[in-house]
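Q:
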Amino acid sequence: MDWTVTDALWGWPPPVLDPAGPYSAQVTTLSWALFALGVVVTAVVIVALWVAIKGPPRWKAKLGGERAIWIGGVAFPGVVLTALLIWGLTLTASLTEPIRGDEMRIRVTGEMWWFRVQYLDADGVVVMQDANEIHIPVDTPVVLELESADVIHSFWVPHLSGKKDMIPGRRTLLRIEADRAGEFGGVCAEYCGGQHALMGFVAVAHEPDAWQAWRADRIATLNRAQSPIAPTAQRNSIDAAGDPAEADIPARYDARRGYDLFMETGCAACHRIAGSEANGMAGPDLTHIASRRTLGAGILPNHRGTLIGWIGDSQSIKPGNRMPSYDRLSADELGHIAAFLELQK
Amino acid sequence: MVSSDRGRAVLATVMAMGATGVISACKDPVETRYEPSDAAISRGLAAIEKAGCGSCHEIPGVDWPKGRLGPSLKGFDDVGLIAGQLPNRPGVLASFIRNAPAIKPGSPMPPMPVSEAEAQDIASYLYGLDSD
Ligand SMILES: [Cu+2]
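Protein sequences appear in the order of chains X and P.
Quick note on the working numbering: the first sequence kicks off at 14 and runs consecutively.
Quick note on the working numbering: the second sequence kicks off at 773 and runs consecutively.
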């Protein structure tokens, strides 16, 4: 998979002008209205300037009079800006209204520099945990409960909604909705420290069937009793299916060895993998790391090469991020850990 | 006079060309001196960025990331042997990029998910680096 947030937000039209749902459509309407008004005001100012310099004396006198200042300098902006404020707030009010009944709820917490994602039930209890990826069904409004673990971040997935700040100690609400299936890039939109520019995520909208399948699959992982290592036979077939050439070196990377290393070298203290002893909460949940489109919060494609690169040397890729570089592990040890993580679909 | 001036100029040019030829002949086996097309070079850079080779390598022309798990690929066009062991030829490089351990057993570089065509473009890009 070679999807990253930068690719998703690049190109023409810019995502703000290419809404993929009702909430972002409202924001787009507002953007166009502001743009049009800006054009009109600029035109009026240019004409006034022309009159002031080259216009007939009678017009010049009028433009310099007190009346013109009252009308053009006070009344016009007062009325227009007030109207715009009221219209803008009512237009986008539905984005942030209190939670209604049994709306689908997801808590997203901004962390330096990634996004914690928790799917909630109607009572606000956490059902499933994830990171840097948000899955939603199409044509369904989803309420995001936005929080921050450290500094102010801002949540923005321009195809699906407006921006909303994530503020420490507060809970802010934002609705998103997609009217078509697809993968939509999102970013932190409020400077939050050194690696702010490398803090992204993916919102994935599923058709109803695919959504049900996705959810059932996640719930099944949640309830699994056995350890997160698949039986050896299955593991080898995964390796062989991945790349035919890989079959030539089946014994090279050993997922069981990777599991042990994951537990021994401290990964488990910061990362959680449901169904295993790994229960750390300081870093992103890795229960489904292998099915993530990206690594490092939306910034790298996700495959064995980048996985090894990230674990061995995340500090070169994302300097100052809160995971140490494991450059003391050998290439084979890194490979074992990657092979283990690749089983965490 | 005029004709002898021209004669000298021609002689100088021929000598310069000869010298260049000798120098470049010393530098590399014939195959690496092939001129990759501009299109292949720019496709190669795109493939490098898409595959995320930068997560382990510093690569000229790639601003970010600049990983350090693998060797820097600065001046790679002048490297004698790929990974210290394989002849530095486009075909060998392309297969090394796709599956390093298969052609250099034990190589710490994992197989990379790039197609054969992409690997060839990447090889073109790496040979097109003009660092000398
Ligand atoms: Cu930020």
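Yeah, the Cβ is synthetic: ideal placement off N, Cα and C, and Gly gets one too.
#1: Please tell me whether residue 323/X has its Cβ less than 8 Å away from any Cβ of chain P.
#2: For the region 69 to 86 of chain X and the region 20 to 35 of chain X, state whether three or more C-beta atom pairs, one from each stretch, are separated by less than 8 Å.
#3: Between the region 884 to 904 of chain P and the region 824 to 843 of chain P, can you find at least three pairs of beta-carbon atoms closer than 8 Å?
#4: If you measure from the CB of residue 203/X, is any heavy atom of ligand 2 nearer than 7 Å?
#5: Verify the CB distance criterion: does residue 863/P have a CB-CB separation below 8 Å to chain X?
#6: If I measure Cβ to Cβ from residue 160/X and keep anything under 7 Å in the same chain, skipping five residues before and after, which residues do I get?
#7: In this structure, how does DSSP classify residue 890/P when only helix, strand and coil are distinguished?
#8: Identify every run of the beta strand (DSSP E) within the region 158 to 201 of chain X, keeping only runs that are complete inside it and at least 3 residues long; order them along the chain.
#9: According to DSSP, simplified to helix, strand and coil, what is residue 69/X?
#10: Would you mind giving the Cβ-Cβ distance between residue 325/X and residue 841/P, rounded to the nearest angstrom? I have them listed as a contact below 8 Å.
#11: Does residue 326/X have its Cβ less than 8 Å from a Cβ in chain P?
#12: Buried or exposed: which applies to residue 319/X, given that a residue is buried once 16 or more other Cβ atoms fall within 10 Å of its Cβ?
#13: Just grab the DSSP bridge partners of residue 213/X for me.
#14: Less than 8 Å separating the beta-carbons of residue 33/X and residue 228/X?
#15: Starting from the Cα of residue 214/X, find the closest Cα among 96/X, 68/X and 124/X and give me that residue.
#16: Run through DSSP, which three-state label would residue 286/X get?
#17: Taking the C-alpha atoms as reference points, what is the distance between residue 284/X and residue 811/P?
#18: Would you say the beta carbon of residue 209/X is closer than 7 Å to some non-hydrogen atom of ligand 1?
#19: Tell me whether residue 307/X is buried or exposed, calling it buried when 16 or more other Cβ atoms sit within 10 Å of its Cβ.
#20: How about residue 174/X and residue 108/X: do their beta carbons lie closer than 8 Å?
#21: Any chance the region 204 to 221 of chain X sits against the region 135 to 142 of chain X, with 3 or more Cβ pairs inside 8 Å?
#22: Considering only residues of the region 70 to 102 of chain X, which uninterrupted alpha helix (DSSP H) runs meet the minimum length of 4 residues and lie entirely inside it, listed in chain order?
#23: Residues in the same chain with beta-carbon distance under 8 Å from residue 258/X, minus the five sequence neighbours each way, listed in chain order, please.
#24: Taking Cβ to Cβ, would you say residue 196/X is nearer than 8 Å to residue 155/X?
#25: Kindly give me the distance between the Cβ atoms of residue 337/X and residue 127/X, rounded to whole angstroms, as I take these residues to be in contact under 8 Å.
#26: With burial defined as no fewer than 16 other Cβ atoms inside 10 Å of the residue's Cβ, what is the status of residue 795/P: buried or exposed?
#27: Check whether the Cβ of residue 179/X lies closer than 7 Å to any heavy atom of ligand 1, and answer yes or no.
#28: Which residues of the region 302 to 322 of chain X have a Cβ closer than 7 Å to any Cβ of chain P? Give them in chain order.
#29: Hey, would you say the C-beta of residue 284/X is under 7 Å away from at least one heavy atom of ligand 1?
#30: By the DSSP assignment, the beta strand (DSSP E) with residue 366/X in it spans what residues?
#31: So residue 270/X contacts chain P; which residues on that side make the cut at Cβ distance below 9 Å?
#32: Does the beta-carbon distance from residue 267/X to residue 209/X come in below 8 Å?
#33: Taking DSSP as the reference, what is the three-state secondary structure of residue 722/P?
#34: Whole angstroms is fine: what's the gap from residue 97/X's alpha carbon to residue 176/X's?
#35: With a Cβ-Cβ cutoff of 8 Å, do residue 355/X and residue 317/X count as a contact?
#36: Give the residues of chain X in contact with residue 840/P, contact being defined as C-beta atoms less than 7 Å apart.
A: Per the coordinate set shown:
#1: Taking the first residue of the first sequence as position 1, residue 323/X is located at position 310. Chain P, which has a Cβ nearer than 8 Å to the Cβ of residue 323/X, makes this yes.
#2: Look at the beta carbons and you see the region 69 to 86 of chain X not touching the region 20 to 35 of chain X: under three pairs across the two are nearer than 8 Å.
#3: yes
#4: Ligand 2 is absent from the structure shown, which contains only ligand 1.
#5: By one-based count along the second sequence, residue 863/P stands at place 91. By this cut-off, residue 863/P is not an interface position.
#6: For the purposes of this step, residue 160/X is taken as residue 147 along the first sequence, with counting starting at 1. So the list reads 120, 122, 179 and 184, once near-sequence residues are dropped.
#7: Locating residue 890/P in the second sequence gives position 118, counting from the first residue. Here residue 890/P sits in helix by DSSP.
#8: If we require 3 residues or more, the beta strand (DSSP E) runs fully inside the region 158 to 201 of chain X come out as 166 to 169, 176 to 179, 185 to 189 and 195 to 201.
#9: By 1-based counting over the first sequence, the position of residue 69/X is 56. Of the three classes helix, strand and coil, the one that applies to residue 69/X here is coil, per DSSP.
#10: Counted from its first residue, the first sequence places residue 325/X at position 312. Counted from its first residue, the second sequence places residue 841/P at position 69. Right, the Cβ-Cβ distance comes to about 5 Å (below 8 Å), so this counts as a contact.
#11: Counting from 1 along the first sequence, the entry for residue 326/X is found at position 313. Interface residue, yes.
#12: To locate residue 319/X, count along the first sequence from 1; it is residue 306. Buried.
#13: Residue numbering aside, residue 213/X sits at position 200 when the first sequence is read from its first letter. Answer by DSSP bridge pairing, in chain order: 200/X.
#14: Position 20 of the first sequence, counted from the start, is the residue given in the question as residue 33/X. Position 215 of the first sequence, counted from the start, is the residue given in the question as residue 228/X. Between residue 33/X and residue 228/X, the gap from beta carbon to beta carbon reaches 8 Å or more.
#15: Here residue 214/X is taken as the residue at index 201 of the first sequence, counted from 1. Closest by C-alpha distance to residue 214/X, out of 96/X, 68/X and 124/X, is 124/X.
#16: Residue mapping note: residue 286/X aligns to position 273 of the first sequence, counting from 1. Coil.
#17: Walking along the first sequence from the start, residue 284/X turns up at place 271. Walking along the second sequence from the start, residue 811/P turns up at place 39. Roughly 43 Å separates the two Cα atoms.
#18: Numbered from 1 along the first sequence, position 196 holds the residue referred to as residue 209/X. At least one heavy atom of ligand 1 is nearer than 7 Å to the Cβ of residue 209/X, so yes.
#19: As a first step, residue 307/X is located in the first sequence; it is residue number 294 there, counting from the start. Classification of residue 307/X: buried, given that the 10 Å Cβ count is 16 or more.
#20: The count along the first sequence starts at 1 and reaches residue 174/X at position 161. The count along the first sequence starts at 1 and reaches residue 108/X at position 95. Cβ distance < 8 Å, so residue 174/X and residue 108/X count as in contact.
#21: no
#22: 70 to 77
#23: Along the first sequence, one-based indexing puts residue 258/X at 245. Reliability fails at residue 258/X, whose pLDDT of 41 lies under 50, so the model's placement of it is uncertain and no value is given.
#24: Taking the first residue of the first sequence as 1, we reach residue 196/X at position 183. Taking the first residue of the first sequence as 1, we reach residue 155/X at position 142. Contact: no.
#25: By 1-based counting over the first sequence, the position of residue 337/X is 324. By 1-based counting over the first sequence, the position of residue 127/X is 114. The Cβ separation is near 15 Å, so there is no contact.
#26: Counting from one through the second sequence, the residue named residue 795/P turns up at place 23. Confidence is the limiting factor: at residue 795/P the pLDDT is only 44, short of 50, which leaves the residue's position unreliable, though a coordinate-based value still follows. Residue 795/P comes out exposed.
#27: Here residue 179/X refers to the residue found at position 166 of the first sequence. No, the Cβ of residue 179/X stays beyond 7 Å of every heavy atom of ligand 1.
#28: 313, 314, 316, 317, 318, 319, 321 and 322
#29: One-based indexing of the first sequence puts residue 284/X at position 271. Checking the Cβ of residue 284/X against ligand 1 gives no.
#30: Chain X is shown only over 14 to 358; residue 366/X falls outside these bounds and no answer can be derived.
#31: Taking the first sequence and counting its residues from 1, one reaches residue 270/X at position 257. Within chain P, no residue comes near residue 270/X; the closest Cβ sits about 16 Å away, beyond 9 Å.
#32: Position 254 of the first sequence, counted from the first residue, corresponds to residue 267/X. Position 196 of the first sequence, counted from the first residue, corresponds to residue 209/X. Not a contact, by the Cβ cut-off of 8 Å.
#33: What is shown of chain P runs 773 to 904, which leaves residue 722/P out entirely.
#34: By 1-based counting over the first sequence, the position of residue 97/X is 84. By 1-based counting over the first sequence, the position of residue 176/X is 163. Answer to the nearest angstrom: the Cα atoms are 18 Å apart.
#35: Against the first sequence, residue 355/X aligns to sequence position 342. Against the first sequence, residue 317/X aligns to sequence position 304. Yes, they are a contact pair.
#36: Position 68 of the second sequence, counted from the first residue, corresponds to residue 840/P. 326 and 329, listed in chain order.
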